[in-house]
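>
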Amino acid sequence: MARSGAGTTMAGVVMVMWWCMVVQRLEATVFTVGESSGWVVGVDYDAWAKSKNFKLGDLLVFDYSSAYAIDEVFENDYNTCNIDHPISSDNSGSTVISLLNAGPHYFICGTPGYCAQGMKFIANVTA
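Quick note on numbering: the sequence shown equals residues -28 to -1, 1 to 99 in mature numbering (1 follows the signal peptide of the UniProt record, and there is no 0).
Here it is as structure tokens:
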């Protein structure tokens, strides 16, 4: 039985979209936040983040103990270390965040007191 032209076109479009997603994932860079130190007090995360070139589709991997958490927050909450209104929050000990939007992404430790001790950084994501 022959396929209709519209069905063939739709199948082609779906295949192209799938392929673009695969290629984007293959080109993604995985960044381990804090490198071998992980997500802990005492690492200069600002310097670490400024030395990176974050792009759409890249992944941030946070490895940390149960004493810490990772929150993505809005700029004002980043500036004041406010953990009350996170965009997202996790305290599982291993968090992977996909950078899906261009622009600044603000991350802080969601455990009270640690953001003020330097557990925060901005990932500026380019398209």
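Every residue gets a Cβ at the ideal spot worked out from N, C-alpha and C, and that includes glycine.
(1) In three-state terms, what does DSSP make of D43?
(2) Less than 8 Å between the C-beta atoms of L72 and L32, yes or no?
(3) Quick test of your reading: T83 and A39, contact by CB under 8 Å. State the CB separation rounded to the nearest angstrom.
(4) Quick test of your reading: E44 and S60, contact by CB under 8 Å. State the CB separation rounded to the nearest angstrom.
(5) If the criterion is Cβ atoms closer than 8 Å, does the pair Y36 and G65 meet it?
(6) Nearest by alpha-carbon distance to G75: which of C81, I94 and P58 is it?
(7) Between the Cα of A49 and the Cα atoms of N63, E7, D62 and C81, which residue gives the shortest distance?
(8) Quick one: using the 10 Å Cβ neighbour count with 16 as the cut-off for buried, is H77 buried or exposed?
(9) Rounded to whole angstroms, what is the Cα-Cα separation between A88 and C53?
The relevant details are as follows:
(1) Start at 1 with the first residue of the sequence shown, and residue 43 comes out as number 71. Note: D43 maps to strand in three-state DSSP.
(2) On the sequence shown, residue 72 is found 100 positions in, with the first residue counted as 1. On the sequence shown, residue 32 is found 60 positions in, with the first residue counted as 1. Not in contact: L72 and L32 (Cβ atoms no closer than 8 Å).
(3) What you label residue 83 is simply residue 111 of the sequence shown in a count that begins at 1. What you label residue 39 is simply residue 67 of the sequence shown in a count that begins at 1. Their Cβ separation, rounded to whole angstroms, is 6 Å, which keeps T83 and A39 in contact under 8 Å.
(4) By 1-based counting over the sequence shown, the position of residue 44 is 72. By 1-based counting over the sequence shown, the position of residue 60 is 88. Between S60 and E44 the Cβ distance is about 5 Å, and since that is below 8 Å, they are a contact.
(5) Translated into positions along the sequence shown, residue 36 becomes position 64. Translated into positions along the sequence shown, residue 65 becomes position 93. In this structure, Y36 lies near G65, with their beta-carbon atoms less than 8 Å apart.
(6) If you number the sequence shown from 1, residue 75 lands on position 103. For G75, the closest alpha carbon among the candidates C81, I94 and P58 is that of I94.
(7) Counted from its first residue, the sequence shown places residue 49 at position 77. With the sequence shown as reference, residue 49 is identified as Asp, and Ala is not the correct amino acid for it. The option with the nearest alpha carbon to D49 is C81.
(8) Working through the sequence shown from its first residue, we reach residue 77 at position 105. Counting Cβ neighbours within 10 Å, H77 comes out buried, since at least 16 surround it.
(9) One-based indexing of the sequence shown puts residue 88 at position 116. One-based indexing of the sequence shown puts residue 53 at position 81. Within the model, the alpha-carbon separation for A88 versus C53 is close to 6 Å.
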